[in-house]
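For reference, the structure is listed below as structure tokens.
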Amino acid sequence: MNISGTAPPSFCFDRREAAGALGDLGTFIPLLVGMVNRCGLQIGPALFFAGLMNLASGLAFRIPIPVQPMKAIATVSIAEGLTESQILTAGLITGAVVLLLALTGLIDQLNTAVPRSVVRGLQLALGLKLLSGGIGQVAGTDLWIGWDSIGMGILCTALVLLLYFSPRVPGALVIFAVGLVALLADNPDLLHRIRFGIAWTLPDLSRMQDWRVGLWRGAVPQIPLTTLNSVIAVCALSADLCPHRPAAPRKVALS
């Protein structure tokens, strides 16, 4: 990522880019695991297409661009136990609406009409929500010492603060490595249980009840969040951090 006055290269991959690639794991993985356990979502296709879309977005925009998980759909799905078909219909409806906004040019008008203060407030609120969620998970652990403990949370927090301004050692990579070590130490037989293969089944989308549930419980709360956070806020952030190659709202919505 380049935030200086010089034009950034058309494509690069370094330690900072690798650290930035881990930015969404803190939200994506917990939401995905929750939907897998609660709703029976297939984890293989979810991970495959999430990775594919991240690669495609990076190649298309040539800047660090996030592929946003649909947090409202995920939250409702976990809370109410939606089926895999209902989750898929909610995502399809949301995508269709955002695509329509892009094709009609309405997304550009929304981008102009929404005050920057609203965008900044949304970014601040989401950051505080993630921070409070992380503190809650650490505080909810009973152990003080151990791989999954309050002490480990304090250690990781200290590492993040110490490495926050380091240009040579990205804190996210260090925390990710610590997490892997803790995972393998707490589950020493994990590597032996890994099995490779493809076993995907396409959910049944023929039931109108699934489309109704997907629309009202998933898509309706997700569409405004996607429009503001995943399109308008992302474009504003790209203009701040990559002024020489900002992402256009219509292009982001089309993606």
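Going by numbering that gives the first Met the number 0, 35 is the number at position 36 of the sequence shown; the sequence numbering is gapless.
Each residue gets a CB set at the ideal place from its N, CA and C atoms; glycine is no exception.
query: Residue burial classification, Ser84 (beta-carbon count within 10 angstroms, cutoff 16); result: buried
query: Among Leu236, Met34, Arg194, Leu24, the one whose alpha carbon lies nearest that of Thr82; result: Met34
query: Distance, Ile92 Cα to Gly150 Cα; result: 43 Å
query: Contacting residues, own chain, Cβ-Cβ under 8 Å from Leu162 (five flanking each side not counted); result: Val168, Pro169, Gly170, Val173
query: C-beta atoms of Leu224 and Lys70 nearer than 8 Å; result: yes
query: Exposed unless 16 or more other CB atoms sit within 10 angstroms - verdict on Gln221; result: buried
query: Option in Ile86, Glu16, Leu158 with minimal Cα separation from Arg211; result: Ile86
query: Rounded distance between the beta-carbons of Ile106 and Gly90, thought under 8 Å; result: That belief does not hold up - the Cβ atoms of Gly90 and Ile106 are roughly 18 Å apart, past 8 Å.
query: Straight-line gap, Asn36 to Leu253 (C-alpha atoms, nearest Å); result: 31 Å
query: Expected contact under 8 Å - CB spacing of Asp23 and Pro63 to nearest Å; result: With a Cβ gap of about 11 Å, Asp23 and Pro63 do not count as contacting.
query: CB-CB length for Asp209 against Thr103, believed under 8 Å; result: That belief does not hold up - the Cβ atoms of Asp209 and Thr103 are roughly 27 Å apart, past 8 Å.
query: Straight-line gap, Arg249 to Phe195 (C-alpha atoms, nearest Å); result: 39 Å
query: Local conformation of Trp66 per DSSP, three classes; result: Residue identity check: residue 66 is Val in the sequence provided, not Trp. Coil at Val66, not helix or strand.
query: Straight-line gap, His191 to Ala45 (C-alpha atoms, nearest Å); result: 23 Å
query: Rounded straight-line distance, which links the Cα of Cys241 to that of Leu30; result: 29 Å
query: Alpha-carbon spacing of Leu160 relative to Ala59, whole angstroms; result: 33 Å
query: Residue environment, Leu189, which counts as buried when at least 16 other CB atoms sit within 10 Å; result: exposed
query: Where Ile28 sits in the DSSP three-state scheme; result: helix
query: Assigned secondary structure, Cys38 (DSSP; H/G/I helix, E/B strand, else coil); result: helix
query: Whether Ser229 touches Gln67 by CB criterion (8 Å); result: yes
query: Burial state of Phe12 (16 or more Cβ within 10 Å); result: exposed
query: Rounded C-alpha distance that separates Val255 from Gly217; result: Nothing about residue 255 can be reported from this structure: the residues present for the chain run from 0 to 254 only.
query: Three-way DSSP call (helix, strand, coil) for Asn186 in this model; result: coil
query: Where the alpha helix (DSSP H) through Ser21 begins and ends; result: The sequence shown places Leu at residue 21, rather than the Ser named in the question. Note, Leu21: premise wrong, no alpha helix (DSSP H); not H, not E.
query: Spatial distance of Leu51 from Gly57 (CA atoms); result: 10 Å
query: Continuous alpha helix (DSSP H) stretch holding Gly152: start and end; result: 149 to 162
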